[in-house]
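As structure tokens, the structure follows; a few thoughts come after it.
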């Protein structure tokens, strides 16, 4: 195990964390503003990945596929909010969980019917292929671009929330939705915009990750679980919390899966060490979540106190 390999895995963890941020930022916005538990958020991630892979495959243009994936996820999110979610705001969380779980099944089967049961593969764009020399490590140019892209989106989202009229309305909606409705803000339109924005961020994450893994039905659910862990750690409704939580989860999960098997291999059989190390590594982020809940029940950076 060399320092270069450790640095490479650390960068992989940061890249993974920033993609988790794109997922969890939309999820925490929806939960913070609307008070809605949306289990179908992972399906919007899947839609973005499939549309990007399909359009890029047909046209040979990754960037056109990326825009199509974002637009499709945003449109699907807006449609879902208007047709289904709008009827759930006044219902309890159990009804929301059941309805959005049904959406997972519907969207998964719909994607399977349209694109088929087999995975799609998305090529890295030519301009982002190859490696970049970063001191002692040669790192994937595409993964480095994902880090830069994730940071740029985070800055853009912060500017949107903190510096624009829409952002003021979103923050006010988190605090007192009845008051902003009384002041003349179209609360229905605001909810649709927030839901579509969250869906677009999920679709963006799916489209970007699709170039480094296969695009397949059900790919969003494991990421959704991690996104829920992120917002619990970071604090519900907090963009800052989503960023910090996502980076913590990404780095701890990646480094745990890299280091623990190698540590156990020093005093047990290699194959056994891989199994034990991988099992313990998968527990680390949940142990982190438990510790945060013990000492900071509202998360590290809750939106309200």
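In UniProt numbering, the protein residues as written are 1 to 305. We put the beta carbon where it would ideally sit given N, CA and C, even for glycine.
> Would you call residue 17 buried or exposed, if buried means 16 or more other Cβ atoms sit within 10 Å of its Cβ?
Replying inline: buried
>> Buried or exposed for residue 279, going by 16 or more other Cβ atoms inside 10 Å?
In response: exposed
> How about the region 8–24 and the region 242–261: do they share at least three Cβ pairs that are nearer than 8 Å?
Replying inline: yes
> How many Å lie between residue 6 and residue 99 at the Cα?
Replying inline: 43 Å
> Touch check for the region 115–126 and the region 46–62: three-plus C-beta pairs under 8 Å?
Replying inline: yes
> Which of helix, strand or coil does DSSP assign to residue 140?
Replying inline: strand
> Which one of 3, 73 and 150 has the shortest CA to CA distance from residue 247?
Replying inline: 150
> Looking at C-beta atoms only, is the number of pairs between the region 19–27 and the region 186–201 that lie closer than 8 Å three or more?
Replying inline: yes
> Between residue 50 and residue 268, what straight-line distance do the alpha-carbon atoms span, to the nearest angstrom?
Replying inline: 42 Å
>> Please return the same chain residues whose Cβ sits closer than 6 Å to the Cβ of residue 77, not counting the five positions on each side in sequence.
In response: 44, 195, 196 and 199
> In terms of residue numbering, what span does the beta strand (DSSP E) encompassing residue 190 cover?
Replying inline: Element bounds for residue 190: not the beta strand (DSSP E) but the alpha helix (DSSP H), 187–209.
> How about the region 224–236 and the region 209–216: do they share at least three Cβ pairs that are nearer than 8 Å?
Replying inline: no
>> I'd like to check one pair, residue 221 with residue 42: are the Cβ atoms closer than 9 Å?
In response: yes
> Under three-state DSSP, which class holds residue 254?
Replying inline: helix
>> Once DSSP output is grouped into helix, strand and coil, what is the label at residue 132?
In response: strand
> If we ignore side chains and look at the alpha-carbon of each, how far apart do residue 286 and residue 301 end up?
Replying inline: 18 Å
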